[in-house]
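Per the numbering used here, the sequence shown starts with residue 571, numbered consecutively. The C-beta atom is built at its ideal place from N, Cα and C for all residues, glycine as well. Taking it in order: structure first as C-alpha cells, then the write-up.
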Amino acid sequence: MEGNMKAKENFTKVLIHVILILVSITMLVPFIWMILTAFKTVTEATSVDPFVIFPKVWRTDSFKEVIRNMNFFVLYKNTLLMIFFRVLCAVLTATMAGYAFGRLHFKGRDFCFSLVLLQMMVPAQIFISPQYIMVSKMGMLNTIFGLVFPGMVTAFGTFLLRQGYMGLPNDLEEAARLDGCNIGQTFLYIMAPLTRSSMVALGIFTAVFAFKDLMWPMIVNTDKDMLVLSSALAKMQGQYAAKFPELMAASLIACIPMIVLYVIFQKQFIEGIATSGGKL
C-alpha cells in the first residue's frame, strides 16, 4: 500500500515537472526566436524552410542599423523616467492606502475597499477618455508627467500591500503603542519596513506594466522627442514592415532594462509574492 502511495506521489511530481518544463519552453521559444532572427538576414528570417533555425552567419548589421536610425538615448531616458515616477507614486500611495485598509479600523472601510476591488474588475480602456481629458486640461500632453498620470495610484497595488500588512502579527502594533508610538510612527518605523518585499514586488509589477504600456503613450505623446520604447517600436513597424531582423534587434535592445531589473530583484520579487499571498 505504501509502495503504491509513493509511486503515485513520484508520478505526480514527475507530471508536474513535465508540465512546468513544457510551459517554460512555450514561454522561452518566442524570446529565443527573437534573438535568432535579430542575427539573420531578411531572406533567412522570411524563409519558410523549417530547418532554417540558426543564422548561417551571425551578423550584427541589424543592430547597427537600428542604433543608427533610432535615438535610443532619448527613448531610454523617457522610458526610465516614466517607469521611475510611476513606481515611486504607485508604491507610496499603495503603501499608505494598504496600511489604512489592512490595519486601521474606521467607518466605511470595507465599503471603500470594495470600491477599490471593483475598479480592478473594470477594463482599463474605459478610463482612457476621462484620463486624457484631465491630462489635456492640465496641460500635460507630450510631457513625462502625462505619461505617469494613469499609474500614480493603482488598485492592484493597494490590494497587494493590504495583503502584506494583514500577514503581520497584531503584537507589533500593541508593542509600539506601549512604547508611546502614535499611528504615524507605527506605520513609518515598524509596519512599512516589514512589507519591503511586497513593495519591491509591486515596484517590479508597476515597472513591467509601464514598460509594456503602448496605448496610453501613443495617445498622450505625439512629439518624437517624447516617445518611449513601446511607442517607438510600434511606429517602427511601418518603417521596417518587411525587415524582421531590424524589428527583432530593436525589440531585443528594448528588453534589456526589464531583464536587468528582474535579475537584480528576483529574490525580493518572489518573497513579495509569497508574503503578500500568504493571507487573503
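Could you tell me if residue i is buried or exposed, where buried requires 16 or more neighbouring beta carbons within 10 angstroms of its beta carbon?
i           : result
residue 586 : exposed
residue 786 : buried
residue 752 : exposed
residue 848 : Caution applies to residue 848, whose pLDDT of 44 falls short of 50 and renders its modelled position unreliable; the value that the coordinates give is listed next. Exposed, since its Cβ has fewer than 16 Cβ neighbours within 10 Å.
residue 691 : exposed
residue 754 : exposed
residue 649 : buried
residue 638 : exposed
residue 720 : buried
residue 684 : exposed
residue 768 : buried
residue 775 : buried
residue 624 : exposed
residue 610 : buried
residue 597 : exposed
residue 856 : Residue numbering for the chain in the displayed model covers 571 to 850; residue 856 lies beyond these limits and cannot be assessed.
residue 607 : buried
residue 676 : exposed
residue 577 : exposed
residue 640 : buried
residue 705 : buried
With distances taken between CB atoms, is the gap from residue i to residue j smaller than 8 Å?
i           : j           : result
residue 671 : residue 732 : yes
residue 686 : residue 729 : yes
residue 652 : residue 780 : yes
residue 616 : residue 814 : yes
residue 599 : residue 773 : no
residue 771 : residue 632 : no
residue 604 : residue 822 : yes
residue 613 : residue 762 : no
residue 789 : residue 669 : no
residue 735 : residue 673 : yes
residue 793 : residue 740 : no
Excluding the 5 residues flanking residue i on each side, which residues of the same chain have their C-beta closer than 7 Å to its C-beta?
i           : result
residue 824 : 799 and 803
residue 764 : 738
residue 797 : 645, 648 and 791
residue 756 : 743 and 746
residue 831 : 774 and 777
residue 635 : 816
Might you give, ordered along the chain, the residues of its own chain that have their beta carbon closer than 8 Å to the beta carbon of residue i, omitting 5 neighbours on each side?
i           : result
residue 725 : 686, 687, 689 and 690
residue 760 : 742, 743, 746 and 751
residue 659 : 718, 721, 722 and 723
residue 782 : 800
Got a sec? Which residues, its chain only, sit under 6 Å from residue i by beta carbon, not counting five neighbours each side?
i           : result
residue 723 : 663
residue 655 : 718
residue 710 : 716
residue 850 : Model confidence at residue 850 stands at a pLDDT of 38, short of 50, so the residue's coordinates are unreliable; what they give is reported in the following sentence. Closer than 6 Å at the Cβ level, and outside the excluded window around residue 850, lies no residue.
residue 667 : 728
residue 626 : none
With respect to 7 Å, is the separation between the Cβ of residue i and the closest non-hydrogen atom of the ligand ADP below this value?
i           : result
residue 762 : Looking for the ligand ADP in the displayed structure turns up nothing, as the structure carries no ligands at all.
Problem set entry | Secondary structure, beta strand (DSSP E): runs of 3+ residues fully inside the region 572-614 | none
Problem set entry | Uninterrupted alpha helix (DSSP H) stretches inside the region 701-734 (no shorter than 4 residues) | You should have 714-718.
Exercise. Where in the region 761-817 do unbroken runs of the alpha helix (DSSP H), each at least 4 residues long, occur, reported from the N-terminal end onward?
Worked result: Look at the region 761-817 and you find these whole runs of alpha helix (DSSP H), each 4 residues long or longer: 766-782, 785-790 and 799-809.
For this session: List in chain order: all unbroken alpha helix (DSSP H) runs of 4+ residues lying wholly within the region 625-696.
Result: You should have 631-639, 642-673 and 679-691.
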